[in-house]
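S.K.: For reference, the structure I am asking about is given below.
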Amino acid sequence: MDQITNEQALEVIKDMIERRKMKHNQTGFYHLLWGILISCAIVAMYVLVGSGLDHLIVYSWAIFVVGGAVASFVYAKRTYEKQGSSKDLDLGLSSIWIGTMIAMFFVAFIFPILNAYKWYVIYTMVCLLMGIANISTGILIKQKMSLFNGILWWIGSILFLIIRNELVFMGVFVLLLVVNNIIPGFHLYNLARKQNGN
Amino acid sequence: METNFAELDSIIHSRVRLAIMILLLQTESANFTYLKKEIDVSDGNLSSHLRKLEEAKYIKMKKSFENRKPKTAISLTEKGRTALDEYTKNLEEYLHLVSENKQK
Numbered sequence: 001m002d003q004i005t006n007e008q009a010l011e012v013i014k015d016m017i018e019r020r021k022m023k024h025n026q027t028g029f030y031h032l033l034w035g036i037l038i039s040c041a042i043v044a045m046y047v048l049v050g051s052g053l054d055h056l057i058v059y060s061w062a063i064f065v066v067g068g069a070v071a072s073f074v075y076a077k078r079t080y081e082k083q084g085s086s087k088d089l090d091l092g093l094s095s096i097w098i099g100t101m102i103a104m105f106f107v108a109f110i111f112p113i114l115n116a117y118k119w120y121v122i123y124t125m126v127c128l129l130m131g132i133a134n135i136s137t138g139i140l141i142k143q144k145m146s147l148f149n150g151i152l153w154w155i156g157s158i159l160f161l162i163i164r165n166e167l168v169f170m171g172v173f174v175l176l177l178v179v180n181n182i183i184p185g186f187h188l189y190n191l192a193r194k195q196n197g198n
Numbered sequence: 199m200e201t202n203f204a205e206l207d208s209i210i211h212s213r214v215r216l217a218i219m220i221l222l223l224q225t226e227s228a229n230f231t232y233l234k235k236e237i238d239v240s241d242g243n244l245s246s247h248l249r250k251l252e253e254a255k256y257i258k259m260k261k262s263f264e265n266r267k268p269k270t271a272i273s274l275t276e277k278g279r280t281a282l283d284e285y286t287k288n289l290e291e292y293l294h295l296v297s298e299n300k301q302k
């Protein structure tokens, strides 16, 4: 029978809302993707600086950022096809991350080519953008961890204006990436797998 | 205890149709397979409930082909949103009254 009481109606509403909430955990993908891509960009930067090829840094950033934006776009499209539904939240999250990456492309590629600032300022700008993406994601999916990560990125952006030792500089950035992207990314990814019964 | 004052929309007041409406409220659009999987109903059952909602103009179904396969994009209409809004308001009012009565 499909007849329900008013109390059962409330249960149906709660259940359907919960089901949608589970899907929010797909954001783990964006955390992981960008954590890994930026880590690669940092390693490339370190190698290029060490080889005296500083002028190529902007190109390495461009490759990783554009690659990440394309991967995010493809992922968002596939998620829709797989789930069979799209919603404002999915669209919002994809827009935030893809928009952040387009901004990063300008910050890490276009502006340095135009000599807008020195190469190390890229870190401060990247941290600011990652902070915005993480905080917006945290607010949208009601995840305190993401909010905390966003605040850490912003603290990092200030640190990179102060730190001048190259090794400390790299160390802090790698630490921020691991704490803010890699760990939360794996956490969210595993949570989604468990909830989806995979 | 059923309510006498808060008339709940009989078109929405069914487990499957309410579930469809709530899922659609949270999505821009959804396909048949997605709704079937989330609500856990048979094809025939889901089709008949979708038809009822479509007849009431609470949802709209847009049929298309992708890679030669038929695809149906289902979404809420403005009338459907308003009806669901009214339904949840009435339900809330009812539940509020029930809890007040229990406290007395």
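Read top to bottom, the protein sequences are chains H and G. Just so it is clear: in the first sequence, position 56 is 56 by our numbering, and no numbers are missing. Here our numbering = 1-based position in the second sequence + 198. Virtual Cβ for every residue (Gly too), placed ideally from N, Cα, C. Please read all numbers here as calculations on a predicted model, not as lab measurements.
Among residues of its own chain, excluding the 5 on either side of L128/H, which ones have a beta-carbon nearer than 6 Å to its beta-carbon?
M.R.: S157
S.K.: Please report whether the beta-carbon of R213/G lies at a distance below 9 Å from any beta-carbon of chain H.
M.R.: yes
S.K.: Can you tell me where the alpha helix (DSSP H) holding I4/H begins and where it ends?
M.R.: Segment: none, I4/H is in no alpha helix (DSSP H) and carries neither H nor E.
S.K.: Under 8 Å: does the beta carbon of T286/G sit that close to some heavy atom of the ligand MN?
M.R.: This structure does not include the ligand MN; it has no bound ligands of any sort.
S.K.: Name the one or two DSSP bridge partners that E18/H has.
M.R.: DSSP, once it has assigned bridges, lists no residue as partnering E18/H.
S.K.: Closest to F111/H by C-alpha separation, out of V58/H, I63/H, Q143/H, would be which residue?
M.R.: V58/H
S.K.: Of all the residues that make up the region 235 to 268 of chain G, which are near chain H by a beta-carbon distance shorter than 7 Å?
M.R.: Cβ contacts with chain H come from E236.
S.K.: What residue range does the beta strand (DSSP E) around F160/H cover?
M.R.: Per DSSP, F160/H is not a residue of any beta strand (DSSP E); the alpha helix (DSSP H) it occupies stretches across 144 to 162.
S.K.: Return the bridge partner residues of S262/G from the DSSP annotation.
M.R.: Paired residue(s): K269/G.
S.K.: Distance check for S72/H and Y30/H, CA to CA, integer angstroms please.
M.R.: 7 Å
S.K.: Expressed to the nearest angstrom, what Euclidean distance is found between the alpha-carbon atoms of E200/G and W154/H?
M.R.: Caution applies to E200/G, whose pLDDT of 48 falls short of 50 and renders its modelled position unreliable; the model cannot decide the point.
S.K.: Would you give the residue range spanned by the alpha helix (DSSP H) that S39/H belongs to?
M.R.: 28 to 50
S.K.: What are the residues in the region 265 to 295 of chain G lying within 8 Å of chain H by C-beta distance?
M.R.: Taking 8 Å as the Cβ-Cβ cut-off against chain H, the residues of the region 265 to 295 of chain G that qualify are T286, L289, Y292, L293.
S.K.: Could you give the distance in angstroms between the alpha-carbon of F64/H and the alpha-carbon of R164/H?
M.R.: 25 Å
S.K.: With the cut-off set at 9 Å, would you say L152/H and N190/H are in Cβ contact?
M.R.: No, they are not a contact pair.
S.K.: I'd like to know if I209/G contacts chain H, where contact means its C-beta is closer than 9 Å to some C-beta of that chain.
M.R.: Put simply, the CB of I209/G is far from chain H, with every gap to its CB atoms at 9 Å or more.
S.K.: Select from the region 168 to 181 of chain H all residues with a C-beta closer than 7 Å to any C-beta belonging to chain G, and list them in chain order.
M.R.: none
S.K.: Are the beta-carbon atoms of A76/H and S94/H separated by less than 9 Å?
M.R.: yes
S.K.: Answer yes or no: does any C-beta atom of chain G fall closer than 9 Å to that of I141/H?
M.R.: Output row for I141/H: interface = no.
S.K.: H247/G lies in the alpha helix (DSSP H); which residues open and close that run?
M.R.: 241 to 253
S.K.: Against chain H, does Q301/G count as a neighbour if the rule is that its beta carbon must be under 9 Å from one of theirs?
M.R.: no
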